[in-house]
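Presented below is the structure to which this report refers.
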Amino acid sequence: KNKVLDTMFLRSSATLHHASASVSGRPTTQLITSRPQLRCSRRSSFVARAVWDESMTLADLRNQLEAALKVEDYKAAAKLRDAIQQKSIDAKLAVEDANEKFYSAFRSGDIKLMDAVWGEGDHVQVVHPGASCIAGREAVMDSWKAVLKNIRPRAFRISLEDVRVYASDGQGYVTCVEVMDADDSKGRIVATNIFEKQNGKWVITMHHGSVAPFIMRR
């Protein structure tokens, strides 16, 4: 009985050895053991690239998140969600800051400050309350010269209500209500401000203001 068992063991060993040496001239055992190593290596580089590469856009990170979930790499997915959340917060804060700089320039009455917050391009536009659309940076800045020349900085105040901010990688917008108090003029303006990231700086490319005769406060 022992001889029979020994013979079966030797035949099994010989069969495994033959099979491992006959697949494409490469040992099957090497092919099997190499695969998990490659998967681990790819996953590690995938996580590092997704989490630590600051040049990645929100769209890139969301694509990486979807890919991580497909392969059930939940550890990577958790890190990617954190990265997406942080990047979204950073973009939103940057757009809020750009919006405040726009209104600071508006309050100051200084055309140089106003010029500094506006972007470049033919798509730059402004719609002042009660006026038609003005397109092109040069024409837009000419309109602001006309508006600001009548402003006395200390007598001109703007406060904002119902401010809502949206931001992505390179674009964002703010909707708000401008509460204006300028000498004898008082009123409320519903405004939409569109911002764009140009050469690493957030600038305004569109301002639309409409007179709000009545706004129901929440």
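If you count the sequence shown from 1, position 34 lands on 38 in my numbering, and the numbers rise without skipping.
Glycine included, each C-beta is placed from N, C-alpha and C at the ideal position.
It should be emphasised that the depicted structure is a prediction, and the values quoted were computed from it without experimental measurement.
| message | Using the three-state DSSP reduction, which class does Glu124 fall into: helix, strand or coil? | response | One-based indexing of the sequence shown puts residue 124 at position 120. For Glu124, the secondary structure class from DSSP, reduced to helix, strand or coil, is coil.
| task | Can you give me the Cβ contacts of Arg148 inside the same chain, cut-off strictly under 7 Å, excluding the 5 residues immediately before and after it? | result | As a first step, residue 148 must be located in the sequence shown, where it is residue number 144. Here the sequence assigns Trp to residue 148, which means Arg is not the residue at that position. These residues qualify, in order along the chain: Ile115, Met118.
| task | With a threshold of 16 other CB atoms inside 10 Å of the CB of Leu97, please say whether the residue is buried or exposed. | result | Start at 1 with the first residue of the sequence shown, and residue 97 comes out as number 93. That one is exposed.
| request: Report back the beta-carbon spacing between Val169 and Gly191 to the nearest angstrom; my notes put them in contact at under 8 Å. | output: As a first step, residue 169 is located in the sequence shown; it is residue number 165 there, counting from the start. As a first step, residue 191 is located in the sequence shown; it is residue number 187 there, counting from the start. Actually they do not touch by this definition, with Cβ atoms about 23 Å apart.
| field | Local Cβ density within 10 Å of Cys180, reported as buried at 16 or more and exposed below that | value | In the sequence shown, residue 180 corresponds to position 176, counting from 1. Buried, because 16 or more other Cβ atoms sit within 10 Å of the Cβ of Cys180.
| said: I need the straight-line Cα distance from Lys205 to Lys79, nearest angstrom please. | reply: If you number the sequence shown from 1, residue 205 lands on position 201. If you number the sequence shown from 1, residue 79 lands on position 75. Those two C-alpha atoms are separated by around 34 Å.
| Are Arg85 and Ile162 touching if we call contact CB-CB under 8 Å? | Locating residue 85 in the sequence shown gives position 81, where the first residue counts as 1. Locating residue 162 in the sequence shown gives position 158, where the first residue counts as 1. No, the pair does not count as a contact, with Cβ atoms beyond the cut-off.
| field | Cβ distance (whole Å) where Val128 is taken to contact Gly140 below 8 Å | value | In the sequence shown, the residue the question calls residue 128 occupies position 124. In the sequence shown, the residue the question calls residue 140 occupies position 136. Separation of the CB atoms of Val128 and Gly140 is rounded to 7 Å, and the pair is thereby assigned contact status at 8 Å.
| request: Return the first residue and the last residue of the alpha helix (DSSP H) that Glu70 is part of. | output: In the sequence shown, residue 70 corresponds to position 66, counting from 1. For Glu70, the uninterrupted alpha helix (DSSP H) run begins and ends at 62–74, by DSSP.
| Start-to-end residues for the alpha helix (DSSP H) that takes in Ile88 | For this step, residue 88 is matched to residue 84 along the sequence shown. Per DSSP, Ile88 belongs to the alpha helix (DSSP H) from 78–112.
| field | Where Leu69 falls, given that 16 or more other Cβ within 10 Å makes a residue buried | value | Looking up residue 69 in the sequence shown gives position 65. Per the 10 Å Cβ criterion, buried.
| Residues in its own chain within less than 6 Å of Asp173 by CB, not counting five upstream and five downstream? | Position 169 of the sequence shown, counting from 1, holds the residue named residue 173. Excluding sequence positions up to five before and after Asp173, its CB lies within less than 6 Å of the CB of Thr61, Leu62, all in the same chain and listed in chain order.
| said: Alpha carbons only, please: which of Ala195, Tyr177, Val183 is nearest the one belonging to Gly213? | reply: What you label residue 213 is simply residue 209 of the sequence shown in a count that begins at 1. Of the listed residues, the one whose Cα sits closest to Gly213 is Ala195.
| Helix, strand or coil for Ile115 per DSSP? | Along the sequence shown, one-based indexing puts residue 115 at 111. Looking at Ile115 - three-state DSSP - the assignment turns out to be helix.
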